[in-house]
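Chains A and B, in that order, are what the protein sequence lines are.
To convert, note that position 45 of the first sequence is 45 in the UniProt record's numbering; the numbers rise steadily by one, no gaps.
To convert, note that position 19 of the second sequence is 19 in the UniProt record's numbering; the numbers rise steadily by one, no gaps.
Following: one structure in structure tokens, then a few remarks.
There are 2 protein chains.
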Amino acid sequence: MKKLDELPECPVATTVSLIGSKWKLLILRNLIQRPWRFNELKKDLEGISQKVLTDSLRSMEADGLITRTVYPEVPIRVEYALSPLGESIQPIFKSLEVWGNNYKETLM
Amino acid sequence: MKKLDELPECPVATTVSLIGSKWKLLILRNLIQRPWRFNELKKDLEGISQKVLTDSLRSMEADGLITRTVYPEVPIRVEYALSPLGESIQPIFKSLEVWGNNYKETLM
């Protein structure tokens, strides 16, 4: 995890620096539901490249937001899930959901 | 503004498609405080390029989230502000702020 003095002073900018990209947000939206495997995520997130998915997962793992669990099966199964700290993002996604629905209603 | 059928079905993905980028989020964080001029934003948002700032503002104007007001002074003054629809994003930024503070507390 980063050290406190590596993060922006502004709390909004801190959150944006940790999860503020299209793909991180969509990955987290999925992980809120349940653990996902890499290839499942890749298939669901249309248009994401292997590199961006790998980098986004590694970065959020390093920041303590998600866990990576390797199950010693054949073939090996690797699952990504929210960490307890990651679970605390749920209110953000509730607000994104409410606003998205509200925006769509203004177009009806 | 986009038509309803141009937006993703998922409301979270809708919000992400409209404001889910580092710079759009940081611009909106500023506009929640008060109207800002282009050069003020450029100066405050360290590292943003002229093109990304212009594109982000145009895109959010086209999506009905911000207004662009030209004041016929010398030199001309142009101000960007949240539209009434843009004002409705405030709960999102409250949740980003709360989570950013919470994350920082875990590092203390």
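The beta-carbon is built from N, C-alpha and C at its ideal position, and this holds for glycine as well.
Within 10 angstroms of the beta-carbon of residue 19 (chain B) lie 16 or more other beta-carbons, which makes it buried. Shown in chain order are the members of the stretch 20-49 of chain A whose Cβ falls below 7 Å from a Cβ of chain B: 20, 21, 22, 25, 26 and 29.
Residue pairing by DSSP puts residue 79 (chain A) in a beta bridge opposite A:37 and A:69. One Cα belongs to residue 84 (chain B), the other to residue 90 (chain B), and the distance between them is close to 11 Å.
Contacts between residue 12 (chain B) and chain A, judged by CB atoms closer than 8 Å, involve 25, 26, 29, 93, 96, 97 and 100 in chain order. Residues of chain A whose Cβ lies closer than 8 Å to the Cβ of residue 67 (chain B) do not exist; the shortest such Cβ separation is about 15 Å. Around the beta-carbon of residue 82 (chain B), 16 or more other beta-carbon atoms lie within 10 Å, marking it buried.
Shown here for residue 30 (chain A): same chain residues with a beta carbon closer than 8 Å to its own, the five before and five after excluded, namely 36, 41, 44 and 45 in chain order.
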